[in-house]
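Letter 127 of the sequence shown, counting from 1, is numbered 851 in this note's numbering, and no numbers are missing.
Every residue gets a Cβ at the ideal spot worked out from N, C-alpha and C, and that includes glycine.
Since the model is a prediction, treat every value here as computed from it, not as a measurement.
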Amino acid sequence: MSSLSHPQLPLGFEPGELFTFESFVSGKNTVSCGLAQQTALAQGEKQLYFWGESGRGKSHLLQASCNLAAKNQQTVCYLTKTEFENQTVEMLDGLEQIDLICLDDIDQWLLGDRWEAALFDLINRVRENNSRLLLASCRPPDESFVTLPDLRSRLAWGPVFQLQELSDKEKFQALHYRAQHSGLELPEKVAVYLMQRYPRDMFGLFERLAMLDKASMAMQRRLTIPLVKSVFGA
């Protein structure tokens with residue numbers, strides 16, 4: 725995979741098997757998923773904005789898009805709040821040269837006039853350079869989040885989607901895929917128990933599944949409701 729050097733941070737993205745479109749359970753987000761896939765293949769919209777509560781699949785969609793584009797020999801970058809910590813606005817300089825730019829967690833790093841102006845300029849450069857841009861946030865691009873009116877209009881240049889929560893059946897499908905990817909057998913009754921007793925957002929469910937995977941390996945026990953109780957309590 726080709727990558728682009730940058731004076732401040734590495735932008736390499738290693739394609740993985742976990743965050744793909746095949747593993748994304750779309751539910752009511754079929755249109756969002758389809759457009760992201762087209763954008764990754766340089767066949768659809770040049771810009772997409774996804775927002776919604778944590779655990780709705782925003783980061784998965786962005787990483788799946790990077791995966792697909794990278795596998796098609798395109799340059800990509802995927803930046804989260806972690807990469808923006810202790811950085812200056814200059815870190816956005818030159819990103820428009822990359823084929824697909826995915827900026828996650830923008831509500832957590834887009835703080836202050838200078839960052840808003842820098843993102844406004846980047847969006848313009850991306851459009852001029854015929855690159856593509858995917859953005860994700862927990863908040864919509866309205867005045868309660870973005871103070872610069874011109875930036876609000878730029879963020880809505882492409883389709884804006886609020887990602888919807890999955891049904892219980894769809895959550896089980898997502899959990900089952902994640903468990904299968906880890907080599908862990910997840911009985912349906914255990915999945916139902918997890919969703920009934922603990923926080924139901926997918927981020928929290930995936931975290932608990934990862935903890936159970938480690939416990940199952942350490943104890944050399946199959947994943948059962950008694951094992952769940954021993955790890956998290958009744």
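**Asked** In chain order, what residues of the same chain lie with their CB nearer than 7 angstroms to the CB of Ser783, ignoring the 5 residues before and after it?
**Response** Asp828, Ala860
**Prompt:** Is the number of C-beta pairs between the segment 834-851 and the segment 876-883 that are closer than 8 angstroms three or more?
**Reply:** yes
**Prompt:** For the alpha helix (DSSP H) that Gln920 lies in, which residues bound it at each end?
**Reply:** 912-921
**Request:** Report the rounded CA-to-CA distance for Ser778 versus Gln944, giving the unit in angstroms.
**Result:** 32 angstroms
**Asked** With a CB to CB cut of under 6 angstroms and the five nearest residues on each side skipped, what residues in its chain are close to Ser940?
**Response** Leu947
**Asked** Comparing alpha-carbon positions, which option in Gln897, Asp892, Arg838, Leu834 lies nearest Ser868?
**Response** Leu834
**Message:** If contact is defined by three or more beta carbon pairs under 8 angstroms, each pair taking one atom from either stretch, is the segment 891-899 in contact with the segment 926-942?
**Reply:** yes
**Asked** Nearest to Thr763 by CA position, among Ile830, Phe743, Gly781, Cys790, is which residue?
**Response** Cys790
**Request:** For Glu909, collect the residues of the same chain with a Cβ closer than 8 angstroms to its Cβ; drop the 5 residues on either side in sequence, then sort them by chain order.
**Result:** Ala903, Arg946, Leu947
**Request:** Run the CB neighbour count on Ala915, radius 10 Å, all protein chains shown included, and call it buried at 16 or more, exposed below.
**Result:** buried
**Distance between Arg851 and Glu820 (C-alpha atoms, nearest Å)** = 8 angstroms
**Request:** My understanding is that Ala766 touches Arg856, with C-beta atoms under 8 angstroms, so please give their C-beta distance in whole angstroms.
**Result:** 7 angstroms
**Message:** Please report the straight-line C-alpha distance between His905 and Phe748, rounded to a whole angstrom.
**Reply:** 13 angstroms
**Request:** Within 10 angstroms of the Cβ of Asp874, are there 16 or more other Cβ atoms? Answer buried if so, exposed if not.
**Result:** exposed
**Message:** Can you tell me whether Pro864 is buried or exposed? The criterion is at least 16 other CB atoms within 10 Å of its CB, across all chains shown.
**Reply:** buried
**Boundaries of the alpha helix (DSSP H) in which Val850 is found, first to last residue** = 837-853
**Prompt:** Hey, out of Asp866, Thr812, Leu899, Pro923, whose CA is closest to Lys913's CA?
**Reply:** Leu899
**Message:** On the DSSP bridge list, what partners appear for Ile825?
**Reply:** Cys801, Leu857
**Message:** Using 8 angstroms as the threshold, is the C-beta distance between Tyr802 and Gln787 below it?
**Reply:** yes
**Request:** Could you check what DSSP says for Ser729 in three-state terms: helix, strand or coil?
**Result:** Because Ser729 sits at a pLDDT of 37, beneath the cut-off of 50, its placement in the model cannot be relied upon, and the following sentence gives the value as read from the coordinates. DSSP places Ser729 in coil when its eight states are reduced to three.
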